[in-house]
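So the protein sequences, as listed, match chains R and V.
In terms of our numbering, the first sequence is residues -8 to 203.
In terms of our numbering, the second sequence is residues -8 to 203.
Ideal placement from N, C-alpha and C gives every residue a C-beta, glycine not left out.
Everything numeric in this text was worked out from a predicted model, so none of it was measured.
Number of protein chains: 2
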Amino acid sequence: MKLYWTPASPFVRKVMVMTHELGLVDRIEIVKTIWPHEWATHTIAFDPPDFVVANPIGRIPTLVTDSGIALPESNLICRHLNAKAGARLIPGDSDQDLPLLRLWALGDGALEAMIARRAETLRKPPERSDNFIEKQKDRIFRCFDGFDLSLLESSNLTIAHITVAVACGYMDFRYPSDNWRDGRARLAAWYELFSNRPSMRENTHGETPQRR
Amino acid sequence: MKLYWTPASPFVRKVMVMTHELGLVDRIEIVKTIWPHEWATHTIAFDPPDFVVANPIGRIPTLVTDSGIALPESNLICRHLNAKAGARLIPGDSDQDLPLLRLWALGDGALEAMIARRAETLRKPPERSDNFIEKQKDRIFRCFDGFDLSLLESSNLTIAHITVAVACGYMDFRYPSDNWRDGRARLAAWYELFSNRPSMRENTHGETPQRR
């Protein structure tokens, strides 16, 4: 399988941590992508050029499966990897799975707000909207405060845990001055433990090169 | 079940069409929500106020299940409804399902770009970026041109079909001057037929009231 990748994307990190936890690292070939900051407001020249054929949305991660189908969205990729590994990191669709499914979705909601905020931060005045940034920050922290901590602490590893951990990690990478740990000692303690997993430590964030 | 709803959202429409196709219309209580145009750049006063407790992401649709768990994302809602109906509108995760899963994701990618564009359109100059609008338009049309038309025409009804149809319908609602049918006669012919389904005709778009 082939994964279009950058170290700066939390959605890529989610997929990489899943890959590691599922024991599929050796099955994935990494394809590095380039994201000049103009991505925030412009259609960029995608690099490598075949990336946008694989994913017309123009978004990473994108996984090209062994059968040659390109999957253009992180959760779809995670579901595919989970199926390939015969594993149980994705909750089912029964009623008892609903709390974990909600937790997973709130983790992703926080991530989406972080990326919307990042794109806004890259805009230049007067196009940059401080109100928009504030709106996304509100959204992030409502999600953080909506995480079911008992569930996070008590249940076995799932994609919900991974998504929440990646959300905490991206806050440290992009918005450390937000001090998300303030008033969230329990979440911080959970993350402290989780972030020591090899899957997290071997997939840390870094800046995407602006050009080759 | 209780669904937070507005007639202006394509993600709500996707859920409503699914609900209709699954024969679950009588099981859903509709809760109307209000979206002043400031939503594009500000944290608004959510109406009704309990909505944001149900969904900290602050986004519709949101479904409160019979067991009282609030699901904050449209595909998660669709998966739950599909499970409740014992139906087969959601592809599985085998290799032969991959083309439909990709089609579904490209439909959602187009919808996300349409909503990002809508939010940008609601910004006032000098904060509004014509480049950003153009970027989202590029994205929408790359997705439209990436739809697998043979698959759309040949396979039984799935959420992929519904998502693509809702994407076409939202273009007619918000961006008719884009003339998406130009150069896409085959997609237009498919949509012409699909849009005559009762599930589509009984769930058409309309503006959200700005206030009660």
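- Using beta-carbon distances, Ile48 of chain V counts as an interface residue toward chain R, with a partner under 8 Å.
- With respect to the 8 Å criterion, Leu148 of chain R and Leu80 of chain R are classified as neighbours on the basis of their beta carbons.
- Those residues of the stretch 111 to 140 of chain V placed with their C-beta closer than 8 Å to a C-beta in chain R are Arg114, Pro117, Glu118, Arg119, Ser120, Asn122, Phe123, Glu125, Lys126, Asp129, Arg130, Arg133, Cys134, Asp136 and Gly137, ordered along the chain.
- Here Ala179 of chain R carries a helix assignment [DSSP, helix/strand/coil].
- By a beta-carbon distance limit of 8 Å, Arg203 of chain R contacts Ile25 of chain R. Their separation comes to about 6 Å.
- Nearest to Gly14 of chain R by C-alpha distance, out of R:Arg172, R:Arg50, R:Ala78 and R:Thr32, is R:Ala78.
- The alpha carbon of Leu94 of chain R has as its nearest neighbour, out of R:Gly137, R:Thr112, R:Lys(-7) and R:Gly83, the alpha carbon of R:Gly137.
- Against chain R, a Cβ distance below 7 Å from Ile60 of chain V picks out Leu89, Pro90 and Arg93.
- Between Gly160 of chain R and Ser190 of chain R a beta carbon distance of about 12 Å is seen, past the 8 Å cut, so the two are scored as non-contacting.
- Ranked by how close their Cα comes to the Cα of Asp41 of chain R, the residues R:Val55, R:Pro116 and R:Trp30 have R:Val55 in first place.
- Nearest Cα to Ala31 of chain V within the set V:Arg177, V:Arg119 and V:His196: V:Arg119.
- In the three-state reduction of the DSSP assignment, Trp171 of chain R falls in the coil class, being assigned neither a helical nor a strand state.
- In the displayed model, Ala31 of chain V falls within a helix according to three-state DSSP.
- Counting C-beta atoms within 10 angstroms of its own C-beta, Ser145 of chain R has fewer than 16 neighbours from the protein chains shown and is therefore classed as exposed.
- Around the beta carbon of Glu20 of chain R, a 10 Å sphere encloses fewer than 16 other beta carbons of the protein chains shown; the residue is thus reported as exposed.
- Using a Cβ distance threshold of 8 Å, Val16 of chain V and Leu(-6) of chain V do not count as a contacting pair.
- Taking Thr199 of chain V as the centre and dropping the five residues before and after it, the same chain places the C-beta of Thr(-3), Ala(-1) and Trp26 closer than 6 Å to its C-beta, in chain order.
- Your pair Met9 of chain R and Ile150 of chain R checks out as a contact, with CB atoms roughly 7 Å apart and the cut at 8 Å.
- Using a Cβ distance threshold of 8 Å, Leu140 of chain R and Ile60 of chain V do not count as a contacting pair.
- Beta-bridge pairing by DSSP links Val22 of chain V to V:Tyr(-5).
- Within chain V, the residues whose beta carbon sits less than 8 Å from that of Pro63 of chain R are Arg93, Ala96, Leu97 and Gly100, listed in sequence order.
- The contact set of Asp86 of chain V on chain R, defined by CB atoms closer than 7 Å, consists of Ser58 in chain order.
- Collapsing the DSSP output to three states places Asp163 of chain R in a helix.
- Around the beta-carbon of Asn194 of chain V, 16 or more other beta-carbon atoms lie within 10 Å, marking it buried.
- For Val55 of chain V, no alpha helix (DSSP H) run applies; the uninterrupted beta strand (DSSP E) run containing it begins and ends at Thr53 to Val55, by DSSP.
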